[in-house]
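> Here it is: the structure, laid out below.
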Amino acid sequence: MAETLAAWFVENLSGFFSREVIVAIVSMLPILELRGGIIAGFAMGMEWLPTFIIAYIANLIPIPFILLFIRFIFRVLKKTPLKGIVEWCERKADSKSDKIRRYAYWGVYLFVAIPLPGTGAWMGALIAALLNMDPKKTFPVIAVGVLTAGIIVSVLSFGVLGSII
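Given below as structure tokens:
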């Protein structure tokens with residue numbers, strides 16, 4: 274799914290933005306995040322290191338805001354017609370929170386670091402915030418998890434796929 278969405282953004286934004294900006298936009302979006310940004314950079318023929326750095330930094334930009342403000346934002350949005358979306362997000366986060374509850378910060382790291390659908394910095398930050406984990410401790414753990422996921426995705430995209438293509 275990430276490949277399809279990343280390809281859509283590359284195709285539809287290419288005439289308007291530079292490759293670097295496209296990688297940054299894709300990397301900041303939930304669901305796609307760093308993985309989608311790296312895939313987009315690879316698809317546009319970018320070099321590995323600039324793609325990785327842009328995707329990494331862009332993926333981390335929304336995280337402090339999620340850690341600090343998402344509970345307040347959800348409380349406000351629950352009083353609007355967006356209540357159903359907020360409750361869906363909370364249920365989704367709760368359904369994925371077992372490892373984080375069990376292993377605390379190690380759980381956050383593993384959740385963010387293993388690049389599987391439904392995992393990543395956004396969901397890890399959302400779960401940590403909803404579990405009232407300390408943002409000052411959680412952000413560095415998420416940053417290291419994103420770094421790990423980025424290395425895994427880079428090896429798969431630029432390494433394995435690069436040698437096939």
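Residue numbers (this note's numbering): 274 to 438.
Where a beta carbon is used, it is the ideal one built from N, C-alpha and C, also for glycine.
Here the structure is a predicted model, which means the values were calculated and not measured.
For A279 versus I312, is the C-beta distance shorter than 9 Å?
The residue you call residue 279 lines up with position 6 of the sequence shown. The residue you call residue 312 lines up with position 39 of the sequence shown. Going by C-beta atoms, A279 is nearer than 9 Å to I312.
> For V417 and A386, what's the separation of their Cα atoms in angstroms?
For this step, residue 417 is matched to residue 144 along the sequence shown. For this step, residue 386 is matched to residue 113 along the sequence shown. If you take the alpha carbons of V417 and A386, they lie about 8 Å apart.
> Look at the alpha carbon of F338 and the alpha carbon of K365, and state the distance between them as a whole number of angstroms.
The residue given as residue 338 occupies position 65 in the sequence shown. The residue given as residue 365 occupies position 92 in the sequence shown. Going from the Cα of F338 to the Cα of K365 covers about 19 Å.
> Who are the Cβ neighbours of V419 in its own chain at under 7 Å, not counting the five residues just before and after it?
Here residue 419 corresponds to residue number 146 of the sequence shown, with the count starting at 1. Around V419: L307, Y329, N332, L333, V385, A394.
> For the alpha helix (DSSP H) that contains M396, what are its first and last residues?
Counted from its first residue, the sequence shown places residue 396 at position 123. 394 to 403 is the extent of the alpha helix (DSSP H) around M396.
> Rounded to whole angstroms, what is the Cα-Cα separation between G432 and L286?
Here the question's residue 432 lines up with position 159 in the sequence shown. Here the question's residue 286 lines up with position 13 in the sequence shown. Those two C-alpha atoms are separated by around 26 Å.
> Taking G309 as the reference, which of V299, P335, G318 has the closest Cα?
Indexing the sequence shown from 1 puts residue 309 at position 36. Here the closest residue by C-alpha is V299.
> Distance check for P335 and L341, CA to CA, integer angstroms please.
For the purposes of this step, residue 341 is taken as the residue at position 68 of the sequence shown. For the purposes of this step, residue 335 is taken as the residue at position 62 of the sequence shown. Using only the alpha carbons, I get a separation of about 10 Å.
> Look at the Cβ atom of K369, then the Cβ atom of T392, and state whether they are nearer than 9 Å.
The residue given as residue 369 occupies position 96 in the sequence shown. The residue given as residue 392 occupies position 119 in the sequence shown. Contact flag set, yes.
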